[in-house]
Structure formats: structure tokens, C-alpha cells
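This report concerns only the one structure given below.
Chains as they are written, first to last, in this note's numbering: chain W, 1 to 286; chain D, 1001 to 1286.
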């Protein structure tokens, strides 16, 4: 059996970023925290915390902390004795976090520990047990996980009216798209390229700004830095009021989203799963 | 002299996340891109791209790509011949990105490549040349960089009225803060703890949700998940309209922000520096 008090010390150091803060949370001295973690490292035969600065978890340290989260979640599901407040580690894609998902998270009785899925890692995190569940555009099955389709998020190719008039006087074409600055969330964000290919039939190399935050990405479109695929949920008012224009109203891009969750902790997650499904039904396309 | 066409191939692969997309942007075949990078790796004696999946830069690869950005920026400063559109790599702290900084970036003639500073890495990035400039709360001098004070961002301890009534019926005290869920941006976000200590005089271990996105963090406060330090710029309307309450109107927390930029590329950055200073004067406290 693992040494759970030592795991608790490890998890607090990781979450709070220092031995002092962890000690405070656990009501022990920093040297006791340090001692517990050293003993745990000896037993596991590997370094769990990179002492830094900054203090940071190693990969095995992260896995152990996530394991503790799952054990606590299972304990909470027992409904016996007074449970500690469980911490629920979730991965959520940035645009869902910025639009429809927060109210559902308000239904969680414990504390949420969110990680933003950049569209690529959520499944690795699930597989490694670093998160208990994920809202992701990735439907690939993960061993030990169930996958529910939540609906589709509709994106629209949008730009400010000035930007559209300047760069797309004759509409968006292969030639104008090859010149006009686009917005890109990060290197994994292929939505702009996919849409441009759907529109023109050509694979285009788009000039691009990189704006890795959902709200700032929409702001960049409003301010005329570039055109980009924005979630309809986020920019409906801008379209209605003319702050943004839709470059091709008959060519939205629909991205299916999935709720992938560990079968082991699934029963403990059931109330959250219901809240997520309900919020998705209200916000997403079927 | 470095092989700049090969560096350009490297940079495109990193920014676009695949050899195919880079080839498209450079109008060569994917195998030509691959060949250029292999030759460059042989000459540098190190792996520059982790072929993945996902395709990703190694640390030396990132440094070389950033070097290319700087060379292009200097070229743009020459104002001779028709310059390529320079890419400006910047680090910005999340709350500035969510509030006051985007309009200033709209003044940049080239393309911006933003990285979100989680308060800890911006100086390393500057030192390593991975970004040309940073908006950061860190004033530590970086060799080869200039540091301008931009002003202070005012944070207010805020919660929904229901949350405040339920968890802080007698106001926020050491006892109630030790029980009430707080919001935390990430492990480096000490604002809540600092404020709680300023209020109570005690170092407290706050129970916390982790919400690593500025807008979602404010939404979490509005929805009653927890209390947290929100930028006044972001939640002024909520306070005016009663959607959020200030837990201690006479105890805001002011965080000074700095514009740190490479002295080498400083002249090329001058128009942006002016735009940033002007926007900061309008939005931040002196």
C-alpha cells in the first residue's frame, strides 16, 4: 500500500508550488513535508519533485498526485464518514471553458482543478490518470474510459468590417487568404486552414498571428488584427451588432466535442456528467 | 554564418506544427523541408525538431527559431527593400491580455506571436531570446534588456453576493477564509494568499479551485464557485451592477507591471513600445 499521508504532502506541494505553502495547508512544518517526500522518493526509487526554483512536479510525481485525486474521488463516492473535499482534475478545451462549460462546473460539490486542453494532450492525460475526465474534440477511445458525444461547437470565419473591406473586397478567395493575416490559437489549431481549404478547395499557407487565449483571440478579430474561426457562442452579439462580419455565412465549421471520463471514477462523476450533458444540450448543436 | 533558408524552414515547422504545412508556406516539397532541417541539425550537432507526433521544437530548435525572428525584426528596422512581414514574439501576462493590451498590439505592423506568461518564465524566455519583449510583473533586470514600469494593475477580492453571504456572513476572517473555496489561476498565483495575509495578518492555507484562464476565472467568481482576486478592469461592471461584491473595498492589491524588451531589437520595437506605454497609461494605475 502506498504511503497516503506522504502522497498528500506531494500533492499539496505540486498544487501550491512550494514546501512552505504545503506545510501550512497540512499544518506541519516544511521540514516534515520535505521528509515525507524524500521518504516517498526513496521508496518509489525516483525523483517526484524538481526542487527548482520553481518547484515543479516530475512526471512520476504528477502521476502519483493524480492517483491521490482519484482515490479521494472514490472515497467521496463511498458517502461514508465526513469526506475530505475531493479535488476533481479535469481537462477542458479552451473555447468550451470560455463559453458554455463553467455553469456546469458550478454544480461540482468539491474543488475543480482545470487544465486547458490544447487539443492534443487530453487523451494522454486521461491515459496517464492525470485527469479524471476531459471535454475534448478528440473521440479516439482511451483504454478504461467512456466517451460521450456532447454535440458540436459551431465556428464562424469572422473579421472586423474594416478588415474584411480592406483584405477581402471581393470576398475571401485563395489569393486574398494567402495575403490577409489570420489568427491562430496555437500550432495545433488547424481550424483556419481547414475552413480556407473547404472554401477554396486549395491548401493555403495562411499568414498568422498566434493568440493563445480564447477571449483575446476574439478581441483580436474585433480589433482588426486578423480574421479567425470564432465560436458562434462567443461572437453572436458581435455579428448581430455589426462589430464582426461572417466571411461566409453558409460555411460554418462544426467541431464535435466529447466527454471522455475514466470508467473507474465514472460513478463518482455521475452528477457532473449529468450537468455537463445538460449544459451541452443547451449550448451546442446536436 | 547560419543557413537562413534552413532556419526559415525550421521556424515554419515549429509555428505550423507539421512539415507539410511548412512546405506549403515555403512553396517547396515536404522532403525539401525535411532535408534542410536535417542538414541544419547535422551542422549544429543537435536535434532541433522532435518528430513526434506531435511535431515539436527541442530547446535548441526554439532558440534558433527565435533568433530568426530577431534577425527579421532587425531587417524590418532597416527599412530597405520590401521586408518580409516580421513575426514579433511577445510574452504577456494573462490578465493584461484579457483586459488592456490587445488594442496596443493592433498597432504592430507585422504578425504577433504571443506566449502567455504564467508569471515565472517570461524572464527566462527573454534571456534565451525566445521572446523579444514581455509584459510581466517581474522587474528583475535581464542582461541585454531594458525595463520600463508600465503602472499597476489593481486587483479586488471578489465573490458573488450569494457566495459572500454564505461563506462570509461576518466578513472575510481567518476562520472563514480557511473554509471558503478560493480561486487560483495556477500554482504560481499567490494573489489570493497575499491578500488573505494582508487582511488577517495570518498565513492561511486556502482551499482552492484551479482555473487557468482569465475570463473563466472571473466567470467562476460570478457563478459562485469561489472568491478570487480579479482585475478591477475586468469586473468593474459586475461590481457596479451587483453581480460581484468586493470583500474589502479598502483593501485592493496593486501589482506593478513592466515592459521588458531586448535592447538589440528595441529600436525596431519603438512604435510598439509607444503604443504599450499609451495603453498602459490609460488603463493602469500610475
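The beta carbon of each residue, even a glycine, is placed where N, CA and C say it ideally should be.
Query raised in the report: What are the residues of the region 220–239 of chain W that lie near chain D, defined by any Cβ-Cβ distance shorter than 9 Å?
Result: 220, 222, 223, 224, 225 and 226
Query raised in the report: Taking the continuous beta strand (DSSP E) assigned at residue 261 (chain W), which residues delimit it?
Result: 253–262
Report task. Could you name the residues of the same chain whose beta carbon sits closer than 8 Å to that of residue 60 (chain W), not counting the 5 residues immediately before and after it, in chain order? Result -> 44, 46, 47 and 48
Requested in this report: Take residue 1275 (chain D) and list the residues in its own chain whose beta-carbon comes closer than 6 Å to its own, dropping the five residues that flank it on each side.
Outcome: 1104 and 1107
Query raised in the report: In its own chain, which residues sit with a C-beta less than 7 Å from the C-beta of residue 182 (chain W), not counting the 5 before and 5 after it?
Result: 192, 206, 207, 208, 226, 227 and 228
Query raised in the report: Would DSSP call residue 1110 (chain D) helix, strand or coil?
Result: coil
Report task. Verify the CB distance criterion: does residue 276 (chain W) have a CB-CB separation below 9 Å to chain D? Result -> no
Query - Same chain only: Cβ atoms within 7 Å of residue 174 (chain W), ignoring 5 sequence neighbours per side - result: 200, 202 and 204
Requested in this report: Report the neighbours of residue 45 (chain W) on chain C: residues whose CB is nearer than 8 Å to its CB, in chain order.
Outcome: In the displayed structure, chain C is absent; the protein chains listed are W and D.
Query raised in the report: The alpha helix (DSSP H) spanning residue 121 (chain W) covers which residue range?
Result: No alpha helix (DSSP H) holds residue 121 (chain W); DSSP gives it neither H nor E.
Report task. Starting from residue 87 (chain W), trace the beta strand (DSSP E) both ways and give me its first and last residue. Result -> 87–93
Query - Helix, strand or coil at residue 1071 (chain D) [DSSP, three-state] - result: helix
Report task. Please classify residue 58 (chain W): does DSSP put it in a helix, a strand, or coil? Result -> coil
Query raised in the report: Does any C-beta atom of chain W lie closer than 9 Å to the C-beta of residue 1028 (chain D)?
Result: no
Requested in this report: Helix, strand or coil for residue 270 (chain W), going by three-state DSSP, please let me know.
Outcome: helix
**Report entry** Three-pair Cβ contact test at 8 Å for the region 1124–1132 of chain D versus the region 1213–1222 of chain D
**Finding:** no
Query raised in the report: Is it the case that the Cβ atoms of residue 1075 (chain D) and residue 1156 (chain D) are separated by a distance below 9 Å?
Result: no
Query raised in the report: Would a C-beta distance cut-off of 9 Å place residue 1153 (chain D) and residue 1219 (chain D) closer than the cut-off?
Result: no
Report task. Could you run through the region 1194–1221 of chain D and flag, in chain order, every residue whose CB is less than 9 Å away from some CB of chain W? Result -> 1203, 1204, 1205, 1206, 1207, 1208, 1209, 1210, 1211, 1212, 1213, 1214, 1215, 1216, 1219 and 1220
Query raised in the report: Considering only the beta carbon of each residue, do residue 100 (chain W) and residue 280 (chain W) sit closer than 9 Å?
Result: yes
Report task. Please specify which runs of the alpha helix (DSSP H), each continuous and at least 4 residues long, are wholly inside the region 142–195 of chain W, giving them in chain order. Result -> 161–167 and 174–177
Requested in this report: Output yes if chain D places a C-beta closer than 9 Å to the C-beta of residue 102 (chain W); else output no.
Outcome: yes
Query raised in the report: Among the residues of its own chain, which have a CB less than 7 Å from the CB of residue 36 (chain W), if the five just before and after it don't count?
Result: 5, 6 and 9
Report task. Confirm, please, whether the CB-CB distance from residue 113 (chain W) to residue 92 (chain W) is below 9 Å. Result -> no
Query raised in the report: Along chain D, in chain order, which residues have C-beta atoms closer than 8 Å to that of residue 112 (chain W)?
Result: 1209, 1210, 1211 and 1225
Query raised in the report: When you check each C-beta in the region 1249–1283 of chain D against every C-beta of chain W, which residues fall closer than 9 Å?
Result: none
Query raised in the report: Nearest-angstrom Cα distance between residue 1109 (chain D) and residue 1164 (chain D)?
Result: 46 Å
Query raised in the report: Taking a cut of 7 Å between CB atoms, which residues from the region 59–78 of chain W lie near chain D?
Result: none
Query raised in the report: Relative to the alpha-carbon of residue 1294 (chain D), which residue among D:1040, D:1042 and D:1013 has its alpha-carbon at the smallest distance?
Result: What the structure shows of chain D is the stretch from 1001 to 1286, and residue 1294 (chain D) is not part of that stretch, so it cannot be assessed.
Report task. Determine, using beta carbons only, whether residue 294 (chain W) comes closer than 9 Å to chain D. Result -> There is no way to answer for residue 294 (chain W), as the model of chain W reaches only from 1 to 286.
Query raised in the report: Cβ atoms of residue 1132 (chain D) and residue 1090 (chain D): under 9 Å apart, would you say?
Result: yes
Requested in this report: Tell me, please, which residues DSSP counts as bridged to residue 200 (chain W).
Outcome: In the DSSP output, where bridge partners are listed per residue, residue 200 (chain W) has none listed.
**Report entry** Boundaries (first-last residue) of the beta strand (DSSP E) holding residue 135 (chain W)
**Finding:** 133–136
Query raised in the report: How is the beta strand (DSSP E) around residue 231 (chain W) delimited, first residue to last?
Result: 228–231
Query - Of the listed residues W:187, W:33, W:236 and W:235, nearest to residue 1020 (chain D) (C-alpha basis) - result: W:187
Query raised in the report: Using the beta-carbon count (16 or more within 10 Å), is residue 270 (chain W) buried or exposed?
Result: exposed
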